[in-house]
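To start, the structure under review is shown below, and the notes come after it.
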Amino acid sequence: MAHTHQISTSKVAEWLGSEAELLLQHVSTTISKERLHLPNPNFIDQVFGVSNRNPQVLRSLAQIYNTGRLAGTGYVSILPVDQGLEHSAGASFAPNPDYFDPENIVRLAIEGGCNAVATTFGNLGIIARKYAHKIPFIVKINHNELLTYPNKFDQVMFGSVEDAWNLGAVAVGATIYFGSDEATRQIQEVAAAFERAHELGMATILWCYTRNNAFKKDGVDYHVAADLTGQANHIGSTIQADIVKQKLPENNGGYNALNFGKTHKKVYSELTSENPIDLCRYQVANSYMGRIGLINSGGASSGASDLAEAVKTAVINKRAGGMGLISGRKAFQKPLADGIELLNAIQDVYLNPEITIA
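Structure (structure tokens):
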């Protein structure tokens, strides 16, 4: 299959602005690229072909890897729309009310060239017969229900793995709030759900988020520290997620600043640097050196800068050894054509052979 990217490296550099050299020219000297299992057209054979995943799971993974503009590259671009529950439908869809209708979510993923669409039981169920065979479905099986007062933050199951399978899903997705009071229960629930999903032949994706008020200290938010998010990825890989989703790291040293858990000084002196690519590479390393693909999230929509921010995240993830991006609000909180343009720009970074592993 011929893959053509529409965006030149010079255009990417223009979007990166003053950070272009830092991100495009960086050569990593922390964890060498030779140690990593990098996304490539034979990734399923090389990594999962020797694993305990059954042939149905391999086929489901292949459907994800072989759909959309990134088909056959080993990279993925996924449209996630679970914010109607995670944040509230009003907060999420007021900028473009078309997305109150689940069909438009699926249309954006298809027309935007995505590998898959990840959203709720209800959203996928209501249009399943029309679209389940047209784009891989990923059912987000648990959510943070925010209509309790006062708000509480807990991921709870919204349906069964069997229901996801019956509506034609090729994968299930779940979130665990590592570090939260409810994390132990969530780990047990999601591990059991992932085991059942694998039995049924579905792939598994884990949103490995850290969540604890104590993770903010002295004005620094360590929810996005490389060491804490890396460990979250490692636990996610351990409960047999096939892909882990993580926020891009913005700092490091969470263990030391918060004075808890266990770490090692070499994590900070040798295995990471201050370069965003090296911080992300530490996330990849914790995901079994890339055997479990790392996808980073696109984050909130901030308007005019969305395209540049999305491209920057893609460059960091790709050069770190990651597998792709899962970008929601930046894509659906705007007109359809603009959302498609943003998704295509992200994909173009992964299709561009000049943007290589650092």
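Position 235, counted from 1, in the sequence shown is what numbering that gives the first Met the number 0 calls 234; the numbers after and before it change by one each time, with no gaps.
The beta-carbon is built from N, C-alpha and C at its ideal position, and this holds for glycine as well.
Only a predicted model underlies this, so the values are computations on that prediction, with no experimental measurement involved.
Alpha carbons only, please: which of the options is nearest the one belonging to residue i?
i	options	result
Thr-118	Tyr-74, Gly-112, Ala-170	Ala-170
Ile-356	Thr-8, Ile-6, Ile-291, Leu-23	Leu-23
Leu-278	Ser-300, Lys-261, Val-348, Pro-248	Pro-248
Glu-371	His-142, Ser-296, Ile-30	What is shown of the chain runs 0 to 357, which leaves residue 371 out entirely.
Gln-230	Val-160, Ala-284, Ile-294, Val-49	Ala-284
Cys-113	Asn-251, Leu-35, Gly-338	Gly-338
Leu-335	Ile-63, Glu-13, Glu-102	Glu-102
Val-310	Trp-164, Ala-344, Phe-47	Ala-344
Ala-213	Thr-228, Met-201, Tyr-130, Ala-256	Ala-256
Asp-180	His-2, Ala-192, Asn-211	Asn-211
Arg-280	Gly-321, Leu-166, His-233	Gly-321
Tell me whether residue i sits in a helix, a strand or coil according to DSSP, three-state version.
i	result
Val-171	strand
Asn-53	coil
Thr-228	helix
Val-219	strand
Leu-324	strand
Lys-333	coil
Met-0	Any reading at Met-0 is ruled out, since the residue's pLDDT is 49, under 50, leaving its predicted position unreliable.
Ile-6	coil
Thr-28	coil
Thr-262	coil
Glu-269	coil
Asp-305	helix
Ala-284	helix
Ala-19	helix
Ser-236	helix
Per DSSP, which one or two residues make a beta bridge with residue i?
i	result
Ile-242	Ile-204, Gly-292
Ile-354	The partner list for Ile-354 (beta bridge, DSSP) is empty, contrary to what the question assumes.
Ile-186	In the DSSP output, where bridge partners are listed per residue, Ile-186 has none listed.
Thr-358	With the chain covering only 0 through 357, there is no way to say anything about residue 358.
Asn-250	Ala-224
Please state if the CB of residue j and the CB of residue i are separated by a distance shorter than 9 Å.
i	j	result
Ile-433	Gly-298	This structure gives no information on residue 433, because the portion of the chain shown stretches from 0 to 357.
Ile-294	Val-243	yes
Ser-17	Ile-276	no
Val-314	Val-11	yes
Ser-91	Arg-318	no
His-263	Arg-52	no
Met-288	His-36	yes
Thr-312	Ser-326	yes
Do residue i and the ligand SAH come close, with the Cβ less than 8 Å from some heavy atom?
i	result
Asp-217	Among the components of this structure there are no ligands whatsoever, and the ligand SAH is therefore not found.
Which complete alpha helix (DSSP H) runs does the region 102 to 180 hold, if anything under 4 residues is left out? 120 to 124, 127 to 130, 160 to 165
Whole alpha helix (DSSP H) elements within the region 31 to 98, 4-residue minimum: 54 to 64, 88 to 92
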